[in-house]
Every structure is written in C-alpha cells, then in structure tokens.
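Residue numbers (the working numbering): 5 to 339.
We put the beta carbon where it would ideally sit given N, CA and C, even for glycine.
Accompanying notes for the structure given below.
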C-alpha cells in the first residue's frame, strides 16, 4: 500500500489580492511562509520517501516544508498544476462577481460543467492530475509520498475519485490543507481530507476571511477596479492618492478605496499611494488595492515594485515583501 499526502499550497497572492490565479504564477505571501513553517512541524516526524509538486512557484515554495528537511529532490510536474482558467487568469474576483456573476457561481457550485474560453474542462484537468497520481503510486509501492497542488484541482480530483462529481461533498481546502490517500491494488481510498489542524486560527486563510464568508455574499468581499476618469462618484471622506494613474476600488457600486501609480522606470513599478475609507479598514481591501497595482505593473513587464513613503491603510506596506528601501521583486506571472 502506498500512502499519498495531497497538500494545497500555502497562502499566495491570488488568495489575498482576490485575483483569479489558476496557472498564473504568483508567489506566497509572508503569512503563507508562516503557514509553511507550521506544515513543516506537522510533518517533522512523518516518514516521507518522495516529494512531488506542480511546477508553479506557490506549490514549489510550500513543498520546501517537506523536501528540504529531508534532503530529498523535488519532482516538479505540470500535471499537478491548478486548473487553467483561460481568459479569467489574473482577473479580480470582484469584476467577475459583478459582471459574470452566474458563471462565477457555476465555477464554485458546478465545476464539472464550468468553462470559459481558453480554460481547461473538468475532464482535462482531472485526467492529467490522475494520470500523474497513478504514475507516482505505481512507482512508489509501499512508500509514502507527498504531492503539492492547488485548491480547485484537488477538489475536482477528490470529487472524481470518491464523490461522484458532487462539489458539495468536498469543500475547498484551506491553504496547506492536507488529504491522506491510500493506493492499493490499483484503487484509491482516503483516510481524511483537507485537514488544517496544524494551523493556529490566526494563520488560517479561511478563518481570516470569515467576516464575509458568514454572509455568503462575495460582493461584500471582493473589489473591482475602474479608472478615476470613469466618472464614479468619490465619497468626500475618501482622500485620493496622488499619481499619474488612479484606480478606484469599487464595492457594490461604491468607491471605497483608491490606488495611485506612476509610470514605471525601466523594470521598476512605482506605487505612489493607497487610500481606503476608514470604515473599510481591517478587511484586507488595502491588499486588493495593492494587488491591483502589482497586476498593472506585471502586465507592463516590471519585475520590481516600489512603494513611495506615506501612510498606507492596514499597514499594507509593512505586511508584504518590501525591503528597507520599500522595494521588492515580483515574479512575472507568466508560465
């Protein structure tokens, strides 16, 4: 019998910037790196013979929790990537919630039939994952392996294997959630699914998002963005940051925040300010505004971001990857 731990990656940019990152190559957040450390502690005394991962950055970073302490090689395999979401890659959840709401609901409630141009079908994404999983199981008889992958494709594969494609039977796993499968005589069974008991509540991505999940109203959680020139009314209590390009963060039709940027200097993107209505602080909207700027600069080919000096809501300038000179490197997002 082969034991297979299937593990979702730690918290990554798309999770907190609230952008659709299927095969878009984002990195872990600082909180995600803390989650990796708790995952390492969980597996400290667990025998693992081999480690596999999708080839995307967020899974490879998470896999360090197991392969690095054991001096094992990391086997990168594109078959364990997240489901490709085609033309939705790197779009804000808020935009999709507001302008493609029914299709967005279908992604969560009926992933078997969901599809947009350029995306993988359910059959394609589960097929290539299961091909890789069975290959690993056959190559590692009577051993224990770990496979690092992504939330939606893990959910889809578990639906396919055990629950007759019923999404209600398999909730989406929290970041670093662990499922334990067994493979024997050519078939899979499971011991547990999506366990995140190694994480303190203060580090659980799902727990931090509970303020909006209780209402099940995604439009209360996810911003979309329009340029200041679009003519959306700006509340008097929302000061506008100064910059050459100002984007408004819209929540249920109302401007609640703004992010300003300057023209890039070679490969350096410059964020000149972020503002947020006071009553909106503490809900990670500042993170979404920062994510809007980072996405903008990525698409311009920038590889570094700089935050100008200033007062940033929710201390967003201190919670990410910025060095003492207020700059950081960003991956391109292209795979």
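Where residue 56 and residue 142 are concerned, what is the direct C-alpha to C-alpha distance, given to the nearest angstrom?
14 Å
Which runs of the alpha helix (DSSP H) fall wholly inside the region 55 to 88 and span at least 4 residues, in chain order?
61 to 74
From this set, 271, 283 and 205, which residue's C-alpha is nearest residue 241's C-alpha?
When only C-alpha atoms are compared, the closest one is 283.
Answer yes or no: do residue 203 and residue 177 have a C-beta to C-beta separation smaller than 9 Å?
no
Span of the beta strand (DSSP E) around residue 8
DSSP places residue 8 in the uninterrupted beta strand (DSSP E) bounded by 6 to 12.
Would you please state the rounded distance, in angstroms, between the beta carbons of residue 306 and residue 272? I believe it to be under 8 Å.
Contact between residue 306 and residue 272 holds, with the beta-carbon distance rounding to 6 Å and staying under 8 Å.
Residue 179 and residue 48 - do their beta-carbons sit closer together than 9 Å?
no
Among all the DSSP beta bridges, which residues are the ones paired with residue 102?
Answer by DSSP bridge pairing: none, since residue 102 is not bridged.
Cutting at 8 Å between CB atoms, please list the residues of its own chain near residue 127, excluding the five before and the five after it.
none
Residue of 109, 280 and 75 minimising C-alpha distance to residue 53:
75
Within its chain, find whatever has a CB closer than 6 Å to the CB of residue 90; leave out the 5 residues flanking it on each side and keep chain order.
Sequence-distant Cβ neighbours of residue 90 in its own chain, meaning closer than 6 Å and more than five residues away, are 120, 121, 122 and 123.
From residue 264 to residue 297, what does the alpha carbon distance come to, in whole angstroms?
8 Å
How far does the beta strand (DSSP E) with residue 318 in it reach, from first residue to last?
Where residue 318 is concerned, there is no enclosing beta strand (DSSP E), given that its DSSP letter is neither H nor E.
Looking at residue 320: is its Cβ nearer than 9 Å to the Cβ of residue 304?
no
Which word fits residue 246, buried or exposed, when buried means at least 16 other C-beta atoms lie within 10 angstroms of its C-beta?
exposed
Rounded to whole angstroms, what's the CA-CA distance from residue 259 to residue 65? Just pull it up for me.
One C-alpha to the other measures close to 36 Å.
Which same chain residues, not among the five before or five after residue 116, have their C-beta less than 7 Å away from its C-beta?
126 and 169
Contiguous beta strand (DSSP E) assignments of at least 3 residues, all confined to the region 286 to 315
Correct list: 308 to 311.
For the putative contact between residue 84 and residue 133, defined by C-beta atoms under 8 Å, what is the C-beta separation to the nearest angstrom?
Residue 84 to residue 133, Cβ: 6 Å. Contact.
Once you ignore the five residues that flank residue 326 on each side, which residues in its own chain have a CB closer than 7 Å to its CB?
In its chain, beyond the 5 residues on either side, 311 and 332 have a beta carbon closer than 7 Å to the beta carbon of residue 326.
In or out: residue 328 buried (at least 16 other Cβ within 10 Å) or exposed?
exposed
Please state if the CB of residue 25 and the CB of residue 93 are separated by a distance shorter than 9 Å.
Yes; because the gap between Cβ atoms is below 9 Å, this pair is in contact.
Taking only the alpha-carbon atoms, compute the straight-line gap between residue 248 and residue 108 and give it to the nearest angstrom.
For residue 248 and residue 108, the distance between alpha carbons rounds to 33 Å.
Unbroken beta strand (DSSP E) run spanning residue 199, endpoints:
191 to 199
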